[in-house]
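**Student:**
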Amino acid sequence: MLRQHVVGIVISGVLGIMLGVVAYFALRFVYPLYKSEIIFEIRPGLLESTDIGTRESMSDKDVLREANTQTLLLKQRDVLTEAVNNPSVRNTSWLQDLFLDPQTGVLLEAQAVDDLEEHVKAGQIRNTNLFNAKWSWHTAQDVPIVLNAIGNSFLRKIEDLDNKQFSENEELFRDQLRRTRLTLQDLNDEIQGFIVSKGITTLDDPRYSQAAFETQKLTEALTQSSSELTSVQTQYMQTAAKLEGTLEPTHEDILEAEYDVTLQRQLQALETLKATERSVLEQFNPDTPQVRNIER
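Residue numbers for the sequence shown follow the working numbering, beginning at 2 and rising by one.
1) Just the C-alpha distance for S60 and P103, rounded to the nearest angstrom, thanks.
2) Three-state secondary structure (DSSP) at L219?
3) Start and end of the beta strand (DSSP E) containing F41?
4) Assuming S58 and V144 make a contact with CB atoms under 8 Å, what is their CB distance in whole Å?
5) Using a Cβ-Cβ cutoff of less than 7 Å, which residues in the same chain neighbour L3 once the five nearest sequence positions on both sides are dropped?
6) Excluding five sequence neighbours on each side, which residues of the same chain lie with their C-beta closer than 6 Å to the C-beta of T235?
7) Would the beta-carbon of Q125 fall within 8 Å of that of L185?
8) Since G131 is in the beta strand (DSSP E), which residue starts that stretch and which ends it?
9) Count Cβ pairs between the stretch 152-164 and the stretch 71-82 that sit closer than 8 Å; are there 3 or more?
10) Please state whether the Cβ-Cβ distance between T72 and A113 is less than 8 Å.
11) Take I146 as the anchor and find which of K199, N87, T181 and F174 has the nearest alpha-carbon.
12) Round the Cβ separation of N133 and I39 to the nearest angstrom and send it over; I've been treating them as touching at under 8 Å.
13) Quick check on L148: buried or exposed, where buried means 16 or more other Cβ atoms within 10 Å of its Cβ?
14) Nearest-angstrom Cα distance between L28 and L99?
15) Where does G124 fall in DSSP's three states?
16) Is L109 closer than 8 Å to L117 when the C-beta atoms are compared?
17) So, are the CB atoms of S89 and T140 less than 8 Å apart?
18) DSSP beta-bridge partners for L230?
19) Compute the Euclidean distance between the alpha carbons of S198 and E160, then round it to the nearest angstrom.
20) So the alpha helix (DSSP H) N189 belongs to, where does it begin and stop?
21) Report the three-state DSSP secondary structure of L109 (helix, strand or coil).
22) Name the one or two DSSP bridge partners that L99 has.
23) CB W138 to CB V121, shorter than 8 Å?
24) Considering only their Cβ atoms, is the gap separating L74 from K165 smaller than 8 Å?
25) Using the C-alpha atoms, what's the distance from F41 back to A150?
26) In this structure, how does DSSP classify M59 when only helix, strand and coil are distinguished?
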């Protein structure tokens, strides 16, 4: 019985071995898949061109719109083409096994870019201001290399776009500045022509001229001098009245006189004469020559 099926058993065994080998290599090619991702942050920018600083936050709608824009830029062919031509990517098994011509060794660039366009997945991370790019491959070492190349290429593109926009804005402002200067020059020419045609010698307001300032200073000095003269005249008249006896001296005048050196000397001389008079009156009669001399 067994002998009757020997040939079938052998054939089945050979077919099983062949299918196992084919399945092994097929599954080895398809699985396992090593997956990774790169993450980017969306930050608020200027709301208006006249703003000094960036906004503190963004609405969910703005975040979603910005994330969609950035993911489209990330998967553009020029970004992926630059990534494919990165020297580190050229050494990956992904590119060497699939996209190098086996006969010439030439890079099949378009096919490699097509593959990345199909298999790189990008989108916003829900409920965050982040978006990512994912890619998987059978060789674990290849995944971060390819993703980093894509990320660096994308960031360079964003920087180039920002620089281009800045240059365009700068040129726009320079052009506006040139036009403004020309307009000001035209206005200045018109003003000069008007001055010449009307025979105007100066445009200075006489209220703010140098002569006006000098006159104002002299007027202020004259006013101050007049005030001082009036004060001196008043003091003189008061002093004269006090000396004539028509005006009683004030307490301050008396104190000031007591501290005057000349007046103190006169008072001392007067006290001396009074003492001499008393002494003479005590010694002589009122009709004697000595008393008359003292009285004089």
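Where is the CB? At the ideal position from N, CA and C, for every residue including glycine.
**Tutor:** A quick look at the data gives this:
1) S60 and P103 have their alpha carbons spaced roughly 52 Å apart.
2) The three-state reading of DSSP puts L219 in helix, counting H, G and I together.
3) For F41, the enclosing beta strand (DSSP E) has its first and last residue at Y35 to E42.
4) Contact flag wrong, Cβ pair sits at about 34 Å.
5) Summary for L3: the model assigns pLDDT 47, below 50, so the residue's position carries little reliability, and this model does not support an answer.
6) Excluding positions up to five away in sequence, the list is empty.
7) Not a contact, by the Cβ cut-off of 8 Å.
8) With the sequence shown as reference, residue 131 is identified as Leu, and Gly is not the correct amino acid for it. Segment L131 to W138, the beta strand (DSSP E) holding L131.
9) In the pairwise beta carbon analysis, the stretch 152-164 is classified as touching the stretch 71-82: at least three pairs are separated by under 8 Å.
10) For the pair T72 and A113, the CB atoms are not nearer than the 8 Å cut-off.
11) Comparing Cα positions, the closest option is N87.
12) Between I39 and N133 the Cβ distance is about 6 Å, and since that is below 8 Å, they are a contact.
13) Buried: at least 16 other Cβ atoms inside 10 Å.
14) Here L28 scores only 49 on pLDDT, less than 50, and its place in the model should not be relied on; the value that follows carries that caveat. Approximately 17 Å, taken between the alpha carbons.
15) The answer is strand: DSSP assigns G124 an E or B state.
16) No, Cβ-Cβ distance for L117 and L109 is not below 8 Å.
17) In this structure, T140 does not lie closer than 8 Å to S89 by Cβ.
18) Partner(s): none; L230 has no beta bridge.
19) When rounded, the distance between both Cα atoms is 57 Å.
20) Unbroken alpha helix (DSSP H) run through N189: D143 to K199.
21) In the structure shown, L109 adopts coil according to DSSP, grouped into three states.
22) Partner residues in a beta bridge of L99, as assigned by DSSP, do not exist.
23) Against a cut-off of 8 Å, the Cβ pair of V121 and W138 comes out as no contact.
24) Contact: no.
25) Between A150 and F41, the C-alpha separation is close to 14 Å.
26) Taken through DSSP and simplified to helix, strand or coil, M59 comes out as coil.
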